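Structure first, then comments.
There are 4 protein chains.
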Amino acid sequence: MIQVFVTGGTFDKEYNYIDGKLFFQDTHLPRMFERGRCTLPIDVKTLMMIDSLEMTDADRQIIAHNCFRAKTDQILVTHGTDTMVETGGYLSEAPGLENKTIVLTGAMIPYAFGTSSDGFFNLGSALSFVQVLPPGIYIVMNGRYWPWDQVRKNKKTGFFETL
Amino acid sequence: MIQVFVTGGTFDKEYNYIDGKLFFQDTHLPRMFERGRCTLPIDVKTLMMIDSLEMTDADRQIIAHNCFRAKTDQILVTHGTDTMVETGGYLSEAPGLENKTIVLTGAMIPYAFGTSSDGFFNLGSALSFVQVLPPGIYIVMNGRYWPWDQVRKNKKTGFFETL
Amino acid sequence: MIQVFVTGGTFDKEYNYIDGKLFFQDTHLPRMFERGRCTLPIDVKTLMMIDSLEMTDADRQIIAHNCFRAKTDQILVTHGTDTMVETGGYLSEAPGLENKTIVLTGAMIPYAFGTSSDGFFNLGSALSFVQVLPPGIYIVMNGRYWPWDQVRKNKKTGFFETL
Amino acid sequence: MIQVFVTGGTFDKEYNYIDGKLFFQDTHLPRMFERGRCTLPIDVKTLMMIDSLEMTDADRQIIAHNCFRAKTDQILVTHGTDTMVETGGYLSEAPGLENKTIVLTGAMIPYAFGTSSDGFFNLGSALSFVQVLPPGIYIVMNGRYWPWDQVRKNKKTGFFETL
Chain A
1 MIQVFVTGGT
11 FDKEYNYIDG
21 KLFFQDTHLP
31 RMFERGRCTL
41 PIDVKTLMMI
51 DSLEMTDADR
61 QIIAHNCFRA
71 KTDQILVTHG
81 TDTMVETGGY
91 LSEAPGLENK
101 TIVLTGAMIP
111 YAFGTSSDGF
121 FNLGSALSFV
131 QVLPPGIYIV
141 MNGRYWPWDQ
151 VRKNKKTGFF
161 ETL
Chain B
1 MIQVFVTGGT
11 FDKEYNYIDG
21 KLFFQDTHLP
31 RMFERGRCTL
41 PIDVKTLMMI
51 DSLEMTDADR
61 QIIAHNCFRA
71 KTDQILVTHG
81 TDTMVETGGY
91 LSEAPGLENK
101 TIVLTGAMIP
111 YAFGTSSDGF
121 FNLGSALSFV
131 QVLPPGIYIV
141 MNGRYWPWDQ
151 VRKNKKTGFF
161 ETL
Chain C
1 MIQVFVTGGT
11 FDKEYNYIDG
21 KLFFQDTHLP
31 RMFERGRCTL
41 PIDVKTLMMI
51 DSLEMTDADR
61 QIIAHNCFRA
71 KTDQILVTHG
81 TDTMVETGGY
91 LSEAPGLENK
101 TIVLTGAMIP
111 YAFGTSSDGF
121 FNLGSALSFV
131 QVLPPGIYIV
141 MNGRYWPWDQ
151 VRKNKKTGFF
161 ETL
Chain D
1 MIQVFVTGGT
11 FDKEYNYIDG
21 KLFFQDTHLP
31 RMFERGRCTL
41 PIDVKTLMMI
51 DSLEMTDADR
61 QIIAHNCFRA
71 KTDQILVTHG
81 TDTMVETGGY
91 LSEAPGLENK
101 TIVLTGAMIP
111 YAFGTSSDGF
121 FNLGSALSFV
131 QVLPPGIYIV
141 MNGRYWPWDQ
151 VRKNKKTGFF
161 ETL
């Protein structure tokens, strides 16, 4: 079984046509797995729906705690890209996760924005890496994976780069 | 470097609005990698654009030969789902591919048909598996991978099943 | 009130991922009016779901009869493009429609095929023309309207041309 | 010939994946007419690319001047929905537009956001109304048209309502 934890991020943002701003409604994850015709046993649980720039260590503690309590060693976390690496660092120090493969992924363009979004590709990528990588905390973006401490987001280009 | 070979299949089919039938034009792969914001070194080469029900052993020989000649050991082949497993079997017996990781993937709904297609998810998935699986011939569909001889397509449901 | 009659056509075709052929399921019309944020009183009724190449005079009689029975003079008919003009001719001779504005429209690419389809544009166009044109039988395609006897479909290009 | 003037608005907004905000790039209008398979002679000219909340009377003067100078009496203006009615009022007092049919339309969701946007429907609708309505200044939204002084936008619901 693969555990998926939703934390929000651009991945799940929607456009509010009343005020023209982005906001969070329900996650798209279950519908995305269905569209991907995924037949793996997957459990999707929404932990929070926030912009990762607003993520605090209290939020990260919730993620760590849920990863610890998950009854599987394969965990996929959707997360805003801005502090994805920081959350990776937090999880790397959380106790009891040593035997787990935890993959953080996100999107640069909301899934709800149709055929321009990278989200569906990233989800397929993260879901695949989490099945085969050895225990550790990983970032999956741009078709690649990195151990969390070997990557950073280039905020000017929006691409992730090897440290 | 990752070598991508395009052979056609539902993945790359288009709708012809003149006669209402599906046909092949150019592959969508390069545009898909771009949309996926992929930063891996990837070479896309179109070997053929055919429906996999029409694929002959002469076609499979071309695929095998190009896999053999490829200067990398990570090879992704897009392929129609109907005979994907058969091509996997052919490649497993072709000489000189022993050290290569060859992943075959496809789609149940053409990428050109927008937000209903599974193609973009499958591409992210296949691209990820090809980077980490040991040498062998694999089928990647439904978010999963199988060695070619442990899977079949259920033609009634359209899902791939473990043998 | 505007009466909408659905007869099928490319407009409402879907892709069957099991056999790779196009088929009809439910009409997309209600969902399209919702997405268009349409606030007009509209009644959508499905008369048939067929390819217009298979439309017989018995089918056309059903359309004519329902146009006659409709409690409004503004009627929009979705229809396959191949015999749209022929159905226009049939309706022009049907008794009791003299005071009605009947607009036939369709699509060259199924609405279900996402951002390549012309269907949503054609629907907005047909819905607008039906509100303002005088009684008569019209074809609406390519952003234009024609009285049914002043137009033909060019089957080589897929565009409608003035006679 | 139909003259189309682009002024921006939600219609043409894009998502900036670097800062997560909406912005303007090039207009989508020409590509939309092509997708709508429109065969009318249309000239698209971008006058400005602004949010209609930022539109000043100096901007409106530019719109009025260009409407006046246009060599056709059928004019379609894309415009943000928030001050669309206000611009309609400005145009109604501008000299030399008495013989022209000017239709203002917009969108509640950007065209670039794929299959959730109302823009493509509104464009088909506005293009149709501009061909058949008598001279005057009109608002076209929600599948309907109103003379500019008989409508207002309900900012809570996002729908246009008859005064």
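Protein chains in written order, with the UniProt record's numbering: chain A, 1 to 163; chain B, 1 to 163; chain C, 1 to 163; chain D, 1 to 163.
Glycine included, every Cβ here is placed at the ideal spot set by N, Cα and C.
Quick caveat: nothing in here was measured; it's all calculated off a predicted structure.
Asked: Endpoints, the beta strand (DSSP E) within which residue 49(D) is located; Found: 42-50
Asked: Bounding residues of the alpha helix (DSSP H) (the contiguous stretch that carries residue 91(C)); Found: 84-93
Asked: Buried or exposed by the 16-neighbour rule on C-beta atoms within 10 Å, applied to residue 131(B); Found: buried
Asked: Residues within the segment 105-133 of chain A neighbouring chain D, beta-carbon criterion of under 8 Å; Found: 108, 109, 110, 112, 113, 114, 115, 116
Asked: is_contact[residue 78(A), chain B] using C-beta, thresh 8 Å; Found: no
Asked: Three CB pairs or more closer than 8 Å across the segment 23-39 of chain A and the segment 117-128 of chain A; Found: yes
Asked: Beta bridge counterpart(s) of residue 13(B) as assigned by DSSP; Found: 24(B)
Asked: Test: residue 138(B) CB closer than 8 Å to a CB of chain C; Found: no
Asked: Helix, strand or coil at residue 37(D) according to DSSP, with G and I counted as helix; Found: coil
Asked: Contacts of residue 66(B) in chain A (Cβ-Cβ under 8 Å); Found: What residue 66(B) touches in chain A: nothing, since even the nearest Cβ is about 22 Å away.
Asked: Neighbour flag for residue 36(D) against chain C, beta carbons, 8 Å; Found: yes
Asked: Expected contact under 8 Å - CB spacing of residue 77(A) and residue 53(A) to nearest Å; Found: About 17 Å separates the two Cβ atoms, so there is no contact after all.
Asked: Interface flag, residue 20(B) vs chain C, CB-CB below 8 Å; Found: yes
Asked: Residue 3(B) versus residue 22(D) - alpha carbon distance; Found: 36 Å
Asked: Chain D contact for residue 144(C) (CB, 8 Å cutoff); Found: yes
Asked: Neighbour flag for residue 7(A) against chain D, beta carbons, 8 Å; Found: no
Asked: Status (buried if at least 16 other CB within 10 Å, exposed otherwise) for residue 7(C); Found: buried
Asked: Rounded C-alpha distance that separates residue 5(A) from residue 48(B); Found: 40 Å
Asked: Residue-chain proximity (residue 81(A), chain B), Cβ-Cβ < 8 Å; Found: no
Asked: Residue closest to residue 84(C), alpha-carbon to alpha-carbon, out of 60(C), 17(C), 112(C); Found: 60(C)
Asked: Proximal chain B residues relative to residue 40(A), where beta-carbon distance stays under 7 Å; Found: 143, 144
Asked: Pick from 79(C), 71(C), 140(C) that is closest to residue 55(C), judged by C-alpha positions; Found: 79(C)
Asked: Alpha-carbon spacing of residue 65(D) relative to residue 98(D), whole angstroms; Found: 13 Å
Asked: CB of residue 114(D) within 8 Å of CB of residue 87(A), strictly; Found: no
Asked: Three-state class that DSSP yields for residue 104(B) in the structure shown; Found: strand
Asked: First through last residue of the alpha helix (DSSP H) which encompasses residue 63(C); Found: 57-69
Asked: Neighbourhood of residue 72(A) by C-beta, 6 Å cutoff - its chain only, sequence neighbours within 5 removed; Found: 1, 3
Asked: Straight-line gap, residue 24(D) to residue 12(D) (C-alpha atoms, nearest Å); Found: 7 Å
Asked: Distance between residue 69(B) and residue 14(D) (C-alpha atoms, nearest Å); Found: 43 Å
Asked: Under 8 Å by beta carbon: chain B residues contacting residue 159(A); Found: 37, 39
Asked: Chain D within 8 Å of residue 90(A), Cβ atoms only; Found: no
Asked: DSSP-derived helix/strand/coil call for residue 141(B); Found: strand
Asked: Residues bridged to residue 152(A) [DSSP beta-bridge criterion]; Found: 161(A)
Asked: Residue 131(A) - partner residues in DSSP beta bridges; Found: Paired residues: none, contrary to the question.
Asked: Proximal chain B residues relative to residue 10(C), where beta-carbon distance stays under 7 Å; Found: 20
Asked: Segment limits, beta strand (DSSP E) that includes residue 7(C); Found: 2-8
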